[in-house]
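In the working numbering, the protein residues as written are 2 to 685. Encoded as structure tokens, the structure appears first; notes follow it.
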Ligand code: ADP
């Protein structure tokens, strides 16, 4: 009764029409006859209750936390990832949005008990993936442990079919399991650059295979700094068989280089079969060409991901000591069996006129971290390995939503130094407060179990690692001028922000969330969560919150979105409001906007209302890496390009992202796929 009295139906009015439509189509629980079992406010309460229930385990009063969580989500200030909204307090109980599961080089563990390299075989992975799709989650895999096509299979004296054919199996799996009709499945497939089948992988969704093959996969080439150096210099590399050199996927960084070079000398000595010798520069060009043609493959840098994580999660098996993959959209690099428990702060709620309400923002970040930490305890996974891995690292992924709205309301163009500097200030604030919140939780509930052996103990902060890497790039030929330009832009932007950064810093000091204080506490008291920050695409959450998604610019002012629930004609309310407020919406402008989704380039409001395809890729990348600095898991972002962008543009964007420390990169050239989710303009 107490909680029923808390329900505030007037908060339904915070939802936009498309927000309500989204909730009705997939989120609100229905009875068997299809009628609704809950209203939005009941839904928010169900989520708050399902999550706050974990507090009982720690001897806390759950009601107090139900109320606080309800207030947070029902005002659309913070939204957890979709499965938490779908499944909280239901029989399914799976609250995580995504996972990485390993695909070892064998069909199944059952028939390979004496093989140490077979802990979780291909069919073991397929079975688990099926259960996760059913719950509405996405799955990422590294296929690079599989022996190449044409290699021997001892048990049958046969020939191996290679990673690509097994990827097709997982692709079909998604077609068959429709996620209870709630959403299309999402997968990430990766392959190491040194794998003998890499060329087939690079072109597996391109040319005549575009729009045909692997449609339920995003694909990314797993790169590292070693490969990039070879590619920039146009040097030759050997493609190697993971079956013959298992250390290739069980090491990263310097250890990997040692392993790779040892394996190459074995090849040269004729001890293992020569697979192929290729020019790294040519391999790079193939990647660029395919990405230009179809958007695939993206890149993912294993060095950055492993560098920024503070613990080693090998609780399920000692075999898994390296992060080799990410979830479907790339925002969470995970050890095998770990999951992403995502949630995002809707930044539009903390803008007051021309300033940012740091106090409320900090309070809500603290609450959001607690919420996500509770999700870990409330979660019911379909496999005990998932439970073990997740309870060991207790990683969460706090992100943001509505970044473009914030910039528009502050009159700051997305492609400006000021926007880049503001991103640095805001995300720096979010990340530091999140670590402070996690330290406070560690005091109350204990640090994450792997903390004693983690780098947090020795004064580690993920963003410092980022800065160190970027400064090293200042000495790398071919990219140093790019890095200098970026640092100049950042400095310029800070100059234009005036006193705003100081205000944020003052408040951080008050919260004891300066770097020095965080290092001191994280290394002595501990932190509750092994990883904290991740920038997700916010596909559905942005619709529910009625804001521009994640850190993306305005996609278009008027557009059509094709979803599994139907076609939505949408207008960007932030942009329309801005145009109205500044009396800049005449007939001519309106018809141009309806036709193309954009403002005429000579329009007074054009600079602050530029859309994704009008913003140069350099600015897209600058924005992405600024957020990447503050993330310990990853950033999902699309580097949009107009349809007439060239291969040289893609080449430049991929290289720039690497130089500036991105976890990965994905480009999309307008109309380069037959079917796209969003089209600009609603007429014509
Ligand atoms: P939300 O629906 O909560 O807004 P996001 O768009 O931020 O989710 O995506 C977060 C992650 O959730 C993705 O990286 C992916 O792993 C998973 N995900 C998103 N959409 C789907 C889908 N249709 N099927 C399975 N997993 C998905």
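The beta-carbon is built from N, C-alpha and C at its ideal position, and this holds for glycine as well.
| Asked | Found |
| --- | --- |
| Validate contact between the region 157-175 and the region 107-121 using beta carbons, cut 8 Å, 3 pairs | no |
| Among 483, 110, 80 and 111, nearest to residue 96 - alpha-carbon criterion | 80 |
| Residue range of the unbroken beta strand (DSSP E) whose run includes residue 141 | 139-143 |
| Alpha carbon of residue 281 to alpha carbon of residue 536, nearest angstrom | 31 Å |
| Extent of the continuous beta strand (DSSP E) run through residue 571 | 567-572 |
| Cutoff 8 Å; reference residue 169; Cβ partners in own chain excluding five residues on either side | 214 and 215 |
| Between the CA atoms of residue 407 and residue 385 - distance to the nearest angstrom | 42 Å |
| Boundaries of the beta strand (DSSP E) in which residue 81 is found, first to last residue | 79-81 |
| Residue from 308, 193, 94 and 139 with nearest C-alpha to residue 187 | 139 |
| Whether residue 369 touches residue 635 by CB criterion (8 Å) | no |
| Residue 238 vs residue 285 beta-carbon contact at 8 Å | no |
| Residues near residue 12 in its chain [Cβ-Cβ closer than 7 Å; skip 5 each side] | 42, 75 and 76 |
| CA-to-CA distance, residue 23 to residue 461, given in whole angstroms | 41 Å |
| Supposed close pair residue 576, residue 545 - CB separation, criterion 8 Å | Wrong, their Cβ atoms sit about 19 Å apart, outside the cutoff. |
| For residue 686, the nearest candidate out of 253, 243, 251 and 283 (CA to CA) | Absent from the structure is residue 686, since the part of the chain shown begins at 2 and ends at 685. |
| Collapsed DSSP secondary structure at residue 327 in the structure displayed | strand |
| Any 3 or more C-beta pairs closer than 8 Å across the region 558-569 and the region 424-440 | no |
| Environment of residue 510 [buried if 16+ CB atoms lie within 10 Å] | exposed |
| Neighbourhood of residue 57 by C-beta distance below 7 Å, restricted to the same chain and skipping five residues each side | 63 |
| Residue of 303, 508, 44 and 524 minimising C-alpha distance to residue 455 | 524 |
| Residues that residue 521 bridges to, as DSSP identifies them | Per DSSP, none; premise fails for residue 521. |
| Residue span of the beta strand (DSSP E) that contains residue 238, given as start and end | 237-240 |
| Cross-strand partners of residue 1 (DSSP beta bridge) | The requested residue 1 is not part of the displayed model; the chain covers only 2 to 685. |
| Closest Cα partner of residue 44 within the set 89, 68, 15 and 36 | 89 |
| Length of the line joining the Cα atoms of residue 670 and residue 199 | 23 Å |
| Where the beta strand (DSSP E) containing residue 560 begins and where it ends | 559-564 |
| Meets three-Cβ-pair contact criterion under 8 Å: the region 433-451 and the region 609-628 | no |
| Residue environment, residue 144, which counts as buried when at least 16 other CB atoms sit within 10 Å | buried |
| For residue 726, the first and last residue of its enclosing beta strand (DSSP E) | Summary: the structure shown does not reach residue 726, with the chain confined to residues 2 through 685, and so no result is reported for it. |
| Beta-carbon gap between residue 136 and residue 84 smaller than 8 Å | yes |
| Option in 218, 112, 110 and 522 with minimal Cα separation from residue 173 | 218 |
| Contact test: residue 322 Cβ vs the ligand ADP heavy atom, cutoff 7 Å | no |
| Euclidean distance between Cα positions of residue 400 and residue 17 | 22 Å |
| Residue from 595, 20, 54 and 605 with nearest C-alpha to residue 688 | Residue 688 is absent from the model: the chain starts at 2 and stops at 685. |
| Cβ-based neighbour list, residue 248, same chain, cut-off 7 Å, excluding 5 preceding and 5 following | 260 |
| CA-to-CA distance, residue 582 to residue 596, given in whole angstroms | 22 Å |
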